[in-house]
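Here the structure comes first, spelled out in structure tokens, and everything after it is commentary.
Numbering (our numbering), first residue to last: 215 to 605.
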């Protein structure tokens, strides 16, 4: 009876530890664990797994190591949850190579390792661009008859694209489809962009056709991917030709496609063409978003046409869009360099004051206007550096 009572007490403590750990309250977790041991209750394997997972998520690998040693010394053997938690902590603390060594050790000792743990390590290897270790892990999965799933294959595509192994990435996409995991449009678009950068337009066009035939996305989005890929590769003229072909076919490019092209044109100081694209966009029934407005406003300011930039700024507000930190930073910088007229100054300062960026009133003097702009610039710089949200 006493043994059963102790068993139930351990279960109760485990439930309390799990709930507290999930809320990230590790000081309280430690207190509960100490209380449990002071009552002469023997922590079970689930107890240690709960603790290891909680500390791993908080990147406290030192405590994880101490707990693991304590667990082993008490005669408990690790299971798949133990290995996952240990490796999670190592991955979170940028100790990927140690994590892989732990994985190998666990496997050699007969500890079960699950697909989630493999996927975590594969994803981290792909982020680091280490395709060698990535495929070693995939081979180990296959040997253990733990077959890759959509998450595994997605990580492989990302890693291969990062290393410009584009043909291999395409093979993995085919493997996904073969296994019944329909690739995402984003995966194809990323590969199309990479193919365009590698000047392999033929392969990019084949990928676009493949996207459409598999039903992954609509022809509009597939064609748009080619336009963006060409634009991002610096082939702006070719991108415009493809876009015009789309329009003749009555295919509507995405807002992001127009925005990317306008951005590249503005970078080339070709504001006139960027504005033509804006008109085409509106003729297609598409509305400019904040990013699109910012691109053209930035281009106009860089070209010294602040009056036209402010017209767009006013239009943006009239269309119900909220200018963001980028909008104001561009306008403030332009006015500090080029100067302003009274009507422009009044509008901008009132808006900055209304959005809580500055608090001073303007008496109409150039000196005070410059001072207010400098304060606003510093404020936006602070928000950006500290990653503060601003509305």
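We put the beta carbon where it would ideally sit given N, CA and C, even for glycine.
Note that this is a predicted model, so its numbers are computed, not measured.
A distance below 8 Å separates the beta carbons of residue 437 and residue 465. Rounded to whole angstroms, the Cβ separation of residue 401 and residue 371 is 5 Å, and the two are in contact under 8 Å. For residue 416, the secondary structure class from DSSP, reduced to helix, strand or coil, is helix. Cβ neighbours of residue 255 within its own chain (closer than 7 Å, five residues either side excluded): 220, 223, 224 and 227.
With respect to residue 430, residue 467 sits apart: the two C-beta atoms are not nearer than 8 Å. Residue 231 places its beta carbon 8 Å or farther from that of residue 277. Using a Cβ-Cβ distance cut-off of 8 Å, the segment 506-521 and the segment 539-547 are in contact, since at least three pairs of beta carbons, one from each stretch, lie closer than that value. Bounds of any alpha helix (DSSP H) do not take in residue 499, whose DSSP letter is neither H nor E. Where residue 431 is concerned, there is no enclosing alpha helix (DSSP H), because DSSP gives it neither an H nor an E.
CA-to-CA, the gap between residue 265 and residue 271 works out to about 10 Å. Contact between residue 342 and residue 310 holds, with the beta-carbon distance rounding to 7 Å and staying under 8 Å.
In the structure shown, residue 260 adopts helical secondary structure according to DSSP, grouped into three states.
The C-beta distance from residue 367 to residue 389 rounds to 6 Å, short enough to meet the 8 Å contact threshold.
By the 16-neighbour rule on beta-carbons within 10 angstroms, residue 443 is buried. Fully contained in the segment 362-406 are the following alpha helix (DSSP H) runs of length 4 or more, in chain order: 364-376 and 380-392. One Cα belongs to residue 602, the other to residue 588, and the distance between them is close to 19 Å.
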